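In what follows, a structure is listed as C-alpha cells, so that the remarks can point back to it.
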Amino acid sequence: MAALSRLSNLPVFLHAFLQGLKNPRTLTRWLITFAVLNVVRKLIYTRYFHILSHLPSPIFSASYFFTGVGVYLGRSHYFLPKTHARYGKIVRVGPNIVSVADKDAIRDILVTGDYPKSEIHEGLELYKQHSLFSSRNKDFHKNRRRLVAPAFGLQYLRSLEPIMQGCIHVLLEEIDEILLDPTSVKRGASLGSRSSVKVLPPGQVNICSFMNRLSFDIIGETAFGQSFQMVRDNNHPVPRQMAQSLKRSMQQVFNPWMRWFVPLDYSFINFSKERVQFRKDAGERGRRADLLQFLIDAQVKERESGNGETGDDYQDMISGKLTDQAVYTEALVFLIAGSETSSTALTNTLIFLVRNPKALRRLREELDQATACNPEDALPTYDQIRNLPYLTACLNESMRIRPVAATGLPREVTEDTVMAGYKIPEGTKYFPQPNAYIPERWIPEESPFAPVQDFTFYPFSAGTRNCVGKNFAMMEMRLILATILLKYDIEDVPGQRDDYVQFITTSLATESYVIKMNRRQT
70 MAALSRLSNL PVFLHAFLQG LKNPRTLTRW LITFAVLNVV RKLIYTRYFH ILSHLPSPIF
130 SASYFFTGVG VYLGRSHYFL PKTHARYGKI VRVGPNIVSV ADKDAIRDIL VTGDYPKSEI
190 HEGLELYKQH SLFSSRNKDF HKNRRRLVAP AFGLQYLRSL EPIMQGCIHV LLEEIDEILL
250 DPTSVKRGAS LGSRSSVKVL PPGQVNICSF MNRLSFDIIG ETAFGQSFQM VRDNNHPVPR
310 QMAQSLKRSM QQVFNPWMRW FVPLDYSFIN FSKERVQFRK DAGERGRRAD LLQFLIDAQV
370 KERESGNGET GDDYQDMISG KLTDQAVYTE ALVFLIAGSE TSSTALTNTL IFLVRNPKAL
430 RRLREELDQA TACNPEDALP TYDQIRNLPY LTACLNESMR IRPVAATGLP REVTEDTVMA
490 GYKIPEGTKY FPQPNAYIPE RWIPEESPFA PVQDFTFYPF SAGTRNCVGK NFAMMEMRLI
550 LATILLKYDI EDVPGQRDDY VQFITTSLAT ESYVIKMNRR QT
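Count along the sequence shown from 1, then add 69; that gives the number in this note's numbering.
In C-alpha cells:
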C-alpha cells in the first residue's frame, strides 16, 4: 500500500518538477546536477567495469584529466617512473592508455607485433597532411619511406659532411668570440632570445643554447639549403615559432579545450613552401647536395615514371605520392626531427661528461689518438671518428639515461593481446645502476656488467617505424661532440639544476646549462 501511495504522488512530483524548470536558477541547478552525475557515472564505469579495469592502475587512470595536466606542464616523464615503481611493469594510466615498462613486452610492441602508431600522432600532423613521422597507415609509410630512405644512407650522408662542418666551424668562431669578450650578449642567450639575457662570468657559455642553435643551423642547411644563422644572430623566427607550435600541439592532444582558446601558429610552414618553390624555380642553377634537393628529385622521378599524382588529393596523400604539399611537409618533418632531438642528446652528453671527469678524460684521449695526424686548425672527419667505441658509448649512455622521448613511443593495440603474461623474478632490472653514467657498459670487453641486450635500448625506436634519420643524427652528434672536446677544455659550473620538461621531445626547463670553456693548448 505504501508503494502504491508513493506511485500515486508521482504525477504531482513530476508536475512540480516541470514547473520548477521554468525558473532559470532551478533549471541551472538541475543541469549541473545531471552533468556531475554523468561524469561520476563515467568515472565509476571506467574505473571498475571497463575492459582495462583489471590492470594495475592509480585512481586517476579513470580520467584523462591528470594525464592532460601532466602533458600540459611537460611533467609526464616524472610521474610515469613513479607509477611503474608502485604498480608494476604494465600500468593503466588513462581510460584507454596502458604504459609498458618491460623489455620483452616493448620488443613485442615495436618489433615482433609491429603495432601501428597511436592516434596521438594524428594530432601532430601539419594541416592534416600525412608524413613519414605522423602517418598511422602502414602502406603509406612503406611507400613514403621507400622514396626518402636513400637520403639517409651513408653514401648520401657523406655529401652532407662538409655542410655540417661548415656550421660547426661557425660555432667555434662564436665561442672563441664570447670567450674573448666578457660583455658578449650571446653567452647567456636562450633559443631565439635577444633580451633578458643572463649575464655570465668570463669563460662561461650556455652550452644548451648553443647546441639548440647549432642543430637548427645544420638542419636548415642540410634540409633547406639555408642556414637560420641562429649561432651568429639567434633571431630567426622559424625555430621559435616551430618550438611553440609543437608544444601547443602536444598539449592539445590531451587537452582538446585548448583549441578554442590557444590557436596554433603554423606560420613557419610558409617558410617551407617558400624554400621549396625557390629551389624549383632556380632549376639547375640552384641545385645543392641536401635533403630538399633529394625530395624534389624523387618527386620528379616519380612523375616521370608515370607513378605521380592522380589528381585525387586524398588518394594521393593516402598512397604516399610526393605531391608539392608532401614535399614541403616532409622537409618540415626533417627540420622538426633533426633539431631538438640532436641538441637535447648533445646537451645531456656534455652535462654528463663535465660531471664525470674520468669519462671526459678517456673520451678526449680516444679522440686525440684518432686525430693525431690532423693539422692544428683541422676539424675531425667522420671517417676518423665514426667507429670510435667510447665516443659512441658516451652518446648511448646519455640517451639511455635521458631518452629524447622520455614518456615512450605510443602504439595502438588493434587486436586482443597477451602482454608480459609471464613471471618476472622480483627485483629483476635491465640496467645495473640504472641512474649512473657508465659508458663502459656499452663496451662488452670492458663492461663491469652483463652485455647490454639490443632490445633494451631504443633511442631511435625499432621495427618498421624506426627513425629513418638515425644515421644522420649519429653523424651530426659525433662530429659536434668530437669537435668541441678536441678544441676546448670544459668544466662544470656547480649548483645548476637540470630539470626537464617534455612535450614532444625532452628539453631543459630553463633552456640553459652553463659550462666553463677554454681553448685547448697544443
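Using N, Cα and C, we set each Cβ at its ideal position, and we do this for glycine too. Keep in mind it's a predicted model, so treat the numbers as computed, not measured.
Assuming V167 contacts L112 (C-beta within less than 8 Å), just tell me the rounded distance between them. Sequence index remark: in the sequence shown, residue 167 carries index 98 (1-based). Sequence index remark: in the sequence shown, residue 112 carries index 43 (1-based). Contact check for V167 and L112: beta-carbon distance about 18 Å, past the 8 Å limit, so the pair fails to qualify.
For K539, which residues from the same chain have a beta carbon less than 8 Å from its beta carbon, with the 5 sequence-adjacent residues on both sides left out? By one-based count along the sequence shown, residue 539 stands at place 470. Within the same chain, K539 has close Cβ partners F221, F529.
Using the three-state DSSP reduction, which class does T575 fall into: helix, strand or coil? As a working note, residue 575 is residue 506 in the sequence shown. Judged by DSSP in its simplified three-state form, T575 adopts strand.
Per DSSP, which residues does N165 bridge with? Please list them. Position 96 of the sequence shown, counted from the first residue, corresponds to residue 165. None; N165 has no bridge partner.
Look up N465 in the DSSP assignment and give the residues it is bridged to. The sequence position of residue 465 within the sequence shown is 396, counting from 1. Partner(s): none; N465 has no beta bridge.
From V402, T440, Y459, P444, residue whose alpha carbon lies closest to that of D452: By one-based count along the sequence shown, residue 452 stands at place 383. Closest option to D452, Cα to Cα, is T440.
Contacts around L248, its chain only, beta-carbon distance under 8 Å, and the 5 residues preceding and following it disregarded: By 1-based counting over the sequence shown, the position of residue 248 is 179. For L248, where only same-chain residues beyond five positions count, the Cβ hits under 8 Å are P271, G272, V274, M586, N587, R588.
For the stretch 409-434, list the alpha helix (DSSP H) runs that are entirely contained and at least 4 residues long, ordered along the chain. 409-424
Other residues of its chain near L419: CB distance less than 6 Å, five sequence neighbours each side excluded: The count along the sequence shown starts at 1 and reaches residue 419 at position 350. Excluding residues within five positions, the ones whose Cβ falls inside 6 Å are I276.
Identify which residue in Q313, L415, I175 has its Cα closest to the Cα of Y582. By 1-based counting over the sequence shown, the position of residue 582 is 513. Closest option to Y582, Cα to Cα, is L415.
Mark H305 as exposed unless 16 or more other C-beta atoms lie within 10 angstroms of its C-beta, in which case mark it buried. Along the sequence shown, one-based indexing puts residue 305 at 236. With 16 or more Cβ atoms within 10 Å of its Cβ, H305 is classed as buried.
Got a sec? Which residues, its chain only, sit under 7 Å from L226 by beta carbon, not counting five neighbours each side? By 1-based counting over the sequence shown, the position of residue 226 is 157. Cβ neighbours of L226 beyond the five flanking positions: N540, F541, M544.
Identify whether R455 lies in helix, strand or coil by the three-state DSSP scheme. Within the sequence shown, residue 455 is the residue found at index 386, counting from 1. Coil at R455, not helix or strand.
Using the C-alpha atoms, what's the distance from A131 back to L391? Position 322 of the sequence shown holds residue 391. Position 62 of the sequence shown holds residue 131. Those two C-alpha atoms are separated by around 42 Å.
Exposed unless 16 or more other CB atoms sit within 10 angstroms - verdict on Y133: For this step, residue 133 is matched to residue 64 along the sequence shown. Buried is the call here.
Give the DSSP-derived three-state secondary structure of E560 in the structure shown. Position 491 of the sequence shown, counted from the first residue, corresponds to residue 560. Here E560 sits in strand by DSSP.
In terms of residue numbering, what span does the alpha helix (DSSP H) encompassing R227 cover? Counting from one through the sequence shown, the residue named residue 227 turns up at place 158. Here the alpha helix (DSSP H) through R227 covers 223-227.
Between the alpha carbons of T574 and L216, how many angstroms are there, rounded? Position 505 of the sequence shown holds residue 574. Position 147 of the sequence shown holds residue 216. For T574 and L216, the distance between alpha carbons rounds to 26 Å.
Expected contact under 8 Å - CB spacing of S314 and F337 to nearest Å: Here residue 314 is taken as the residue at index 245 of the sequence shown, counted from 1. Here residue 337 is taken as the residue at index 268 of the sequence shown, counted from 1. Indeed, because the Cβ distance is near 7 Å, the residues count as touching under 8 Å.
Among Y459, C442, Q590, which residue has its Cα nearest to the Cα of E514? Start at 1 with the first residue of the sequence shown, and residue 514 comes out as number 445. Of the candidates Y459, C442, Q590, the one whose C-alpha sits nearest the C-alpha of E514 is Y459.
Taking 8 Å as the threshold, find out whether the stretch 140-149 comes into contact with the stretch 102-119 through three or more Cβ pairs. no
Bridge partners for V583 per DSSP, in chain order? Locating residue 583 in the sequence shown gives position 514, counting from the first residue. DSSP, once it has assigned bridges, lists N275 as partnering V583.
Going by C-alpha distance, which of F279, V300, Q295 is nearest R348? Reading the sequence shown from its first residue, position 279 is the one you call residue 348. Taking only the C-alpha atoms, the option nearest R348 is Q295.
With H, G and I counted as helix, E and B as strand and the rest as coil, what does DSSP make of V108? In the sequence shown, the residue the question calls residue 108 occupies position 39. V108 falls in the helix class under three-state DSSP.
Of the residues R547, A505, D567, R155, the one placed nearest E230, counting alpha carbons only: Here residue 230 corresponds to residue number 161 of the sequence shown, with the count starting at 1. The shortest C-alpha separation from E230 is found at R547.
Rounded to a whole number of angstroms, what is the C-alpha to C-alpha distance between Y569 and T579? As a position in the sequence shown, residue 569 is number 500, starting the count at 1. As a position in the sequence shown, residue 579 is number 510, starting the count at 1. The alpha-carbon atoms of Y569 and T579 are separated by roughly 8 Å.
Of the residues T413, M299, Q346, the one placed nearest A395, counting alpha carbons only: Taking the first residue of the sequence shown as 1, we reach residue 395 at position 326. If we check each option's Cα against that of A395, Q346 comes out closest.
Skipping 5 residues on each side, what residues in its chain have a beta carbon closer than 7 Å to that of Q368? Taking the first residue of the sequence shown as 1, we reach residue 368 at position 299. L391, V396.
If distances are taken between C-alpha atoms only, which option among S576, N212, L240 comes closest to T552? The count along the sequence shown starts at 1 and reaches residue 552 at position 483. When only C-alpha atoms are compared, the closest one is L240.
Spatial neighbours of R282 in its chain, beta-carbon cut-off 7 Å, leaving aside the 5 residues before and after: Mapped onto the sequence shown, residue 282 falls at position 213. Here the set comprises L260, M299, V300, N303.
Under a three-way DSSP split, which group does M488 fall into? Residue 488 sits at position 419 when you count from the first residue of the sequence shown. Confidence is the limiting factor: at M488 the pLDDT is only 42, short of 50, which leaves the residue's position unreliable, though a coordinate-based value still follows. Coil.
Give the DSSP-derived three-state secondary structure of V369 in the structure shown. Start at 1 with the first residue of the sequence shown, and residue 369 comes out as number 300. Helix.
Counterpart residues of Y569 in DSSP-defined beta bridges: Taking the sequence shown and counting its residues from 1, one reaches residue 569 at position 500. Beta-bridge pairing links Y569 to L577.
Under 8 Å between C-beta atoms of D593 and R430: Residue 593 lies beyond the range of the chain shown here (70 to 591); nothing can be said about it.
C-beta atoms of S341 and N417 nearer than 8 Å: Counting from one through the sequence shown, the residue named residue 341 turns up at place 272. Counting from one through the sequence shown, the residue named residue 417 turns up at place 348. The criterion of a C-beta distance shorter than 8 Å is not satisfied by S341 and N417.
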